[in-house]
Each structure stands twice: as structure tokens, then as C-alpha cells.
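The sequence shown runs 497 to 897 under the numbering used here. Beta carbons: idealized from backbone N, C-alpha and C, even for Gly.
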Amino acid sequence: RGDANSSNTMVKGRFIMNPFPEMQISPNDRLQLQDLANGIIMTNLDNYNTFVSGKRKVDTRRWKQIKEREKLVVYAERPESAHTAGTEPSGSGLPMILCVGTIEGKLEDIMYGVISEDLETMRVKASYVDDVSGAAVLDPIVLPTLEDPFQSLIVKWMELDIPFASTSLVKNRDYVYIEGTGFVTSQTGERLGYHLLHSVSFPQTHELPNRIRGNVSIIGFWRQAGPNITEMYATGIFDPCGDMIRMLVVPGMATAFLSSVKYAYCGQMRKLSFMLDKAYADSKAHGAPNKKNVCVTCSAPIGRRLGDFSKSNSSCKLCFGHVCHVCKVVQKLSFVDPDLLLSKRKVTFCTGCMSRVTSMSSMDCARAKMLSSKKGVDYSSAHTSSTVSGDYGSEISYRSN
């Protein structure tokens, strides 16, 4: 138990402490950040449309396959191609990375798993996706609204653990960046979800002790390709700004891109957690319903040899119906307390409730969570953000002047 507490304390510090002075980004700088995000989205949307027009074929003369997981494949740009195309980022010598393929899940679930507009959601997302070691929200530029619950643009800081950093041979890398999420429209009129990370710098975001500031520029697009299949197209680069760990960067980037397969799962677990909170609140207000001593799934009698403890331990935590050992579904969910300490608990559900929650709209769930908590609902941003149309009638979520 002592080890668990010390681990939580470390995590708490790495996810709560803002390492910089208060940002106080000016209104003009906020608009410039939105314009920057719009430009990156439009440029990469052109690249995606070109990829689609080329029948989604990857040019192996330019790209070398380096890793794959399930139906996602990661490629690194060949050095000679990068030099010819002029795509080497600021002479770093690091290759661009391309990730294409399909992942299981619905687009809305993926977007619910991707978006993390505050420390609580960042912490929960990291527990499911394992994408960052430490993080802080520096300043929200665009917050989700009831109208656009997956639209966001946030200035963040993150730290990534580097192998051997604990030996003092290598320093951890950290990044200050804008993270954007939302929807755009493709050349063929299809809805695409996007996720953008791009390094930025401010006078307040000085370099931190025992860390080296890196640069990142990544964008991913997702398209619903079937009932439970989503197509992914992502490109980007991590530049750790140090020679010692260059050899570690490309495999690490590939792993980071492949972690996208966990986004839909993260979105599903967030829906379950919200419905669990709702069921708990309802039971406090009205009392838990008194269910028959039969399994709600197969109607088998529920044994009571161990008394009430056994009964309560084998009930669905959403409908409060009893479930037998064979029918119960156990999910490990992440919870964050008011101090942002994370805990993981195994929770029992029946198959009916699991099916109902997993099939419900993530967008509706995100809106319901906003309404229930009144937290993070920025009604004013519905009036301060507008739509920018690109060459293909694409809709960009951020204001542009």
C-alpha cells in the first residue's frame, strides 16, 4: 500500500504542477494560435486528399515500413526522399513519420478518447493510452461547447520519459505545444476527425532543469470507413533536440502513433465512467432498485451462500441487477479524485448495460457530462469561433481574421 501511495504522489506532482508562470496569452496571440492551427490543418488536409486521390497507396520509394500493429502501419521517410522533397525539419536529420491503416471503433468514440481539455481528462487518457509521463494545461484557447463538444485548442506542456533517463546519462524531453481536436470535411465531403500537436514558444515557457526542450509537429485524421472501422492517416515528427537519443526517437515515434489503437477504448471507458457516475447519483437520490435474485442476463438463480457481500459484489453497477459468474463483465476503469489522484478499480456490469453504453453516442455523452457538471462549458466560445472554408469546402473550427 505504501508503494502505491508514493506512486500516486509522483503522478500527482507530474500532472498537477504547472512548471511555468501564469501564461496570460493576449487576445491577439490567441487569434494567431488559431490561425496557426488552421494553416497546419489545411496543409495536411491537402496531403490527405492527395493520398486518397492516389487510391491510398504508399510510395515505398519514399517511405520505408518500420512497424505495424493490428491494421496500422508506420513508415519513416527515406533520407534521400526527405532531402529531395525539402521536408527535413530544420536540418534535424530526423525522418517524417507516416501512419496509415484502419482501427476498430467508431469515429466519435475515438474523438472522445482523444480530447483532453483539462488535467482530469489528460490524466484519465494517459492511464488508458499511456501517451505521456507528465503534463500540464497552460492555457485553453478554444474549449468544447455543447454545440461542438469535441472542438478544442489548448496550450499544453508534456514530458516524455526517455530510456536510461534515470541513470543520468540522458535527460528527459519536454514539449510546449498547442493541441487541437475537432472535425473537418474532406474533398469528397466526408467528415474527418483531427488531432493536432504543434510546438509553440512563449517568454514564460523557459527551459526547465534536467530536461531538454524538444519540438513536435503531428496531425492525424480519422474517417468512419465502416460500422465499427475507422480509417487513420497521420504524419509528423518528434525532434528531441539532442544527438544522444536520436537512435531511440524513430521507434519511439512509431510506438506513439500505434497507441492510436487505444483511443476508441479510452472513449468507451469514459462513457462507462460517466454512466456509472449518473447511476450512482440516481441511486443516492431515489435508492437502488430492488432486483430479483436471478441473473439479469441468463435468469439463473443467484446463490446467497456468502450473504449480502457476495450479492452486492456480483451486481451490475449500472442497473443494479444481479449477474452470475458466467455472465458478468468486468472492466478496469480509471477514476480521478478532486486532488487529481488516479485510481483504477474493477467494476462489474451486465452484458445488456455494456451493450447499451458502448452503442450510445459519445457526442451525446460528452454533452450530458457538460450539462451535469457545468465544468468546462464555454458558452461564449460558440460566438467567438467561426467557420473557415477551404478549397474543398472544409470546415475548420477555429476563428480566423
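- Counting along the chain, G763 sits inside no beta strand (DSSP E); it lies in the alpha helix (DSSP H) bounded by residues 759-782.
- In this structure, Y608 sits away from A784, with a CB-CB distance that is not shorter than 8 Å.
- G609 sits in a helix when the DSSP states are folded into three classes.
- DSSP places S855 in the uninterrupted alpha helix (DSSP H) bounded by 847-855.
- Closest in C-alpha terms to R709, from the list C737, Q700, E686, comes C737.
- Burial state of T539 is exposed, judged by a 10 Å Cβ sphere holding fewer than 16 other Cβ atoms.
- Between L594 and Y571, the C-beta gap is smaller than 8 Å, which places the two residues in contact.
- In terms of Cβ geometry, V757 and L568 form a close pair [threshold 8 Å].
- If you draw a 10 Å sphere on the C-beta of L867, you find fewer than 16 other C-beta atoms in it, and that means exposed.
- C-alpha of M513 to C-alpha of A631: approximately 8 Å in a straight line.
- Beta-bridge partners of N711 (DSSP): D735.
- Annotated three-state conformation of G676 is strand, per DSSP.
- The C-beta distance from L829 to M765 rounds to 6 Å, short enough to fall under 8 Å.
- Rounded to the nearest angstrom, the gap between the Cα atoms of I637 and S811 is 43 Å.
- If you ignore the 5 residues before and after I562, its C-beta comes within less than 6 Å of the C-beta of V570, A572, A750, all in its own chain and listed in chain order.
- Within a 10 Å sphere around the beta-carbon of C762 sit 16 or more other beta-carbons, which makes this residue buried.
- Here I606 is near W718, since their CB atoms are less than 8 Å apart.
- With contacts defined as CB atoms closer than 8 Å, V554 and V610 fail to qualify as a contacting pair.
- Residue range 523-549 is occupied by the alpha helix (DSSP H) that includes Y544, with no beta strand (DSSP E) assigned at that position.
- Here V832 is not near K842, since their CB atoms are 8 Å or more apart.
- For D778 and L772, the gap between their C-alpha atoms comes out near 10 Å.
- Excluding its 5 nearest sequence neighbours in each direction, V548 has C-beta neighbours in its own chain below 8 Å: S682, Q683, T684, listed in chain order.
- T617 and T726 do not touch by the CB rule: their CB atoms are close to 20 Å apart, not below 8 Å.
- The beta carbons of S648 and E613 sit about 5 Å from each other, so the pair counts as a contact at 8 Å.
- For V569, the uninterrupted beta strand (DSSP E) run begins and ends at 568-573, by DSSP.
- Residue T677 holds the alpha-carbon nearest to the alpha-carbon of P645 among T677, T844, L692.
- Per DSSP, reduced to three states, the secondary structure at P515 is coil, with no helix or strand assignment.
- In the three-state DSSP reduction, D644 falls in the coil class, being neither helix nor strand.
- DSSP lists no beta-bridge partner residue for Y624.
- Nearest in C-alpha terms to C846, of all of K865, A730, G817, is G817.
- For the options A796, P575, E518, E643, the alpha carbon positioned closest to that of T556 is the one of P575.
- K824 carries a coil assignment under DSSP once its states are collapsed to helix, strand and coil.
- In this structure, E655 lies away from V633, with their beta-carbon atoms at least 8 Å apart.
- Rounded to the nearest whole angstrom, the C-alpha separation of H691 and K813 is 33 Å.
- Nearest to G716 by alpha-carbon distance, out of F516, L541, E518, is L541.
- Residue burial is scored here from C-beta neighbours: K551 has fewer than 16 other C-beta atoms within 10 angstroms and is therefore classed as exposed.
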